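Numbering (the working numbering), first residue to last: 96 to 486. Think of the CB as a built atom: it goes at the ideal place given N, C-alpha and C, for glycine as much as any other residue. A quick note: this is a predicted structure, and the numbers were derived from the prediction, not measured.
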Amino acid sequence: MPRAESWIVEELAKRREAGLERAPIVFQCAGSPAVHNGRRLINFSSNDYLGLAGDPRVIEGAILALREYGAGSTASRLVAGTLACHRDFERKIATFKGYEAGLLFGSGYSANLGIMTALAGRGDHLFLDRLAHASLVDAAVLSRASLHRFHHNDPEDLESLLKRCGPAGRRLVVTESVFSMDGDIAPLESICRVAAERDAMLMVDEAHATGIFGPCGAGLVKGHGLQEQVNLSMSTLGKALGSYGGCVCCSENIRQWLVNQARSFIYSTAVSPAIVGAASAALDILAVNPALGSSVLALAERLRGLFHAGGLHTGNSASQIVPVIVRDNHRAVRMQQQLMDEGVLAVAIRPPTVPAGTARLRFSVTASHSDEDIAYVADACLRAARREGVV
Ligand SMILES: Cc1ncc(COP(=O)(O)O)c(C=O)c1O
Numbered sequence: 096m097p098r099a100e101s102w103i104v105e106e107l108a109k110r111r112e113a114g115l116e117r118a119p120i121v122f123q124c125a126g127s128p129a130v131h132n133g134r135r136l137i138n139f140s141s142n143d144y145l146g147l148a149g150d151p152r153v154i155e156g157a158i159l160a161l162r163e164y165g166a167g168s169t170a171s172r173l174v175a176g177t178l179a180c181h182r183d184f185e186r187k188i189a190t191f192k193g194y195e196a197g198l199l200f201g202s203g204y205s206a207n208l209g210i211m212t213a214l215a216g217r218g219d220h221l222f223l224d225r226l227a228h229a230s231l232v233d234a235a236v237l238s239r240a241s242l243h244r245f246h247h248n249d250p251e252d253l254e255s256l257l258k259r260c261g262p263a264g265r266r267l268v269v270t271e272s273v274f275s276m277d278g279d280i281a282p283l284e285s286i287c288r289v290a291a292e293r294d295a296m297l298m299v300d301e302a303h304a305t306g307i308f309g310p311c312g313a314g315l316v317k318g319h320g321l322q323e324q325v326n327l328s329m330s331t332l333g334k335a336l337g338s339y340g341g342c343v344c345c346s347e348n349i350r351q352w353l354v355n356q357a358r359s360f361i362y363s364t365a366v367s368p369a370i371v372g373a374a375s376a377a378l379d380i381l382a383v384n385p386a387l388g389s390s391v392l393a394l395a396e397r398l399r400g401l402f403h404a405g406g407l408h409t410g411n412s413a414s415q416i417v418p419v420i421v422r423d424n425h426r427a428v429r430m431q432q433q434l435m436d437e438g439v440l441a442v443a444i445r446p447p448t449v450p451a452g453t454a455r456l457r458f459s460v461t462a463s464h465s466d467e468d469i470a471y472v473a474d475a476c477l478r479a480a481r482r483e484g485v486v
C-alpha cells in the first residue's frame, strides 16, 4: 500500500470499531422480494413506495422513449440535449403539482444543489431544518450563504432565527415535507406563514411525499393548497415514481432563473429519455389511481400499531417511513442481520445519516407488501429487539 494511503486504512478501522463502516449489499433483483445470495427477502428498505419500478406500464414507457430518442440525450440541456420528452414531462409534472412550470435535473441530489446555489449566495441567508437531508445540507454549504439551522419541525425557532438575522441579503427557507429518516411531517402551513411574514422564499423537498400524499399523490404542498406560498416544490423521480432523477416545480420566472443559473442543470448531460419515459408513465398511473398512496399509508399505520403494541419506538412517524429507534450502532447492525436471517430486509441507518445516538432500522412500507408481510415483519423485529434488549 502506498504510504500516502495509510490514513485511509486507519480511518476505516476506526469506523469499523464504532460500528459505522458501510458497504453496499448486492441484490440479484430489487423490488419485493429482493434477492440476495439466492435468498428472497421481504424488502422494507426500498423507496419504490408504489412498486412502480417494475410495473410493465412504466417499463413500457421507458422502452418507447428509448426507441424514439435513443439511449442518451447526447448533450447538456442548453446545448443540444433538450428533447421534446423533457419539455413534455416538465409541463406534465408542473400541472400535476399545481405549478406554472417544471424543470428536470439529473437526480434529486443534483436538483437540490442546483436550486439552492442558484437562489442563495455569499451575503444571503439560508434557513434549514436540523434534520434535513444531506443533499440540502451540502447545497447550503456549497452556496456560501450564511446557514441557520432551525430546530426540527419548529416554526417558532425558525421565526426567531429569521428575526435575529439583519435585513441585508436574500432569505431562503428550506424543509422537507416528509422527512426521509423519521417519516414525520413538517408543519407546512405554519412554516409558510413564518416565511411570508419575513419575506423569505420557501422551498419544500417532497422526495418522500410525492406519490403518497395529496390528490393523486401530488404531494403535501398541493394537498394543503400551498402552491402560492411555497415558491419551489422539489421532487425526486427515483422513489414513488419508480425511475431516477429530480425535478422542481415553480413559477416561470424561477424556472427561467434556474435555467440560467443552476450549475448542476447547465453543466450536466440532460436526463436520459428512458428515465423521462418511465417517470411520465408513472404520472399517468397516479392520475387514474388516486388511492394508491392512501393504501400504503394504511399499511404503515398497521405496522406502527404492531410496533407500539410490542413497546418499540417509532418517533413521530406518520407516513410510509417507519423507523424503529434502537440508538446503538452495533445493536442496529445486529438487528439488521437477524432480520435478514429471518427473510426481511430493513437496513440499519446510522450516523452521519441520522444524529449520533439515534441509530435505527428504517422500514419503508410499499404497495408490494401484504397484510401478512406486515404481521411477519412486526413479529421478526420484536424478536430481534427482545434479543438485543431494546424492549
Ligand atoms: C429528502 C431527500 N431529498 C433528496 C434526495 C436525493 O434524491 P436522489 O436520490 O434522486 O438523488 C433524497 C434521497 O435520496 C431524499 O431523501
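Asked: Threonine 169 versus alanine 395 - alpha carbon distance; Found: 42 Å
Asked: When Ala413, Met430, Thr409 and Ser414 are compared against isoleucine 420, the one with the closest alpha-carbon; Found: Thr409
Asked: 8 Å Cβ shell around glutamate 116 - same chain, five flanking residues per side excluded; Found: Leu107 and Arg110
Asked: Residues bridged to phenylalanine 222 (per DSSP); Found: His243 and Val268
Asked: Glycine 333 beta carbon near ligand 1 (any heavy atom closer than 6 Å); Found: yes
Asked: Three CB pairs or more closer than 8 Å across the region 384-399 and the region 457-475; Found: yes
Asked: Any non-hydrogen atom of ligand 1 within 6 Å of alanine 302 CB; Found: yes
Asked: Nearest-angstrom Cα separation, counted from glutamine 431 out to leucine 456; Found: 7 Å
Asked: Residue span of the beta strand (DSSP E) that contains serine 330, given as start and end; Found: 327-331
Asked: Sub-7 Å separation of alanine 235 and leucine 221 beta-carbons; Found: yes
Asked: Inter-residue Cα distance where the pair is aspartate 252 and arginine 259; Found: 11 Å
Asked: Beta carbon of arginine 350 nearer than 7 Å to that of leucine 136; Found: no
Asked: Through-space distance from leucine 381 to leucine 392, alpha-carbon basis; Found: 15 Å
Asked: Unbroken beta strand (DSSP E) run spanning isoleucine 420, endpoints; Found: 416-422
Asked: Alanine 179, buried or exposed, once every other Cβ within 10 Å from all chains shown has been counted against 16; Found: exposed
Asked: beta-carbon glycine 203 near ligand 1 non-hydrogen atom, thresh 6 Å; Found: yes
Asked: beta-carbon serine 330 near ligand 1 non-hydrogen atom, thresh 6 Å; Found: no
Asked: Inter-stretch contact (C-beta, 8 Å, three-pair minimum) for the region 328-347 and the region 368-375; Found: yes
Asked: Segment limits, alpha helix (DSSP H) that includes aspartate 468; Found: 466-482
Asked: Euclidean distance between Cα positions of serine 255 and phenylalanine 245; Found: 9 Å
Asked: Same chain only: Cβ atoms within 6 Å of serine 328, ignoring 5 sequence neighbours per side; Found: Lys192, Val299, Glu301, Val316 and Cys344
Asked: In chain order, each beta strand (DSSP E) run of at least 3 residues that lies wholly inside the region 329-360; Found: 341-345
Asked: 7 Å CB neighbourhood of glycine 216 in its chain, flanking five on each side removed; Found: Ser238, Arg239 and Ala240
Asked: Beta carbon of serine 412 nearer than 7 Å to that of glycine 209; Found: no
Asked: Rounded C-alpha distance that separates alanine 377 from serine 141; Found: 17 Å
Asked: According to DSSP, residues forming a beta bridge with isoleucine 444; Found: Arg455
Asked: For histidine 131, the first and last residue of its enclosing beta strand (DSSP E); Found: 129-131
Asked: Serine 367 beta carbon near ligand 1 (any heavy atom closer than 6 Å); Found: no
Asked: One or two residues paired with serine 171 in a DSSP bridge; Found: Thr364
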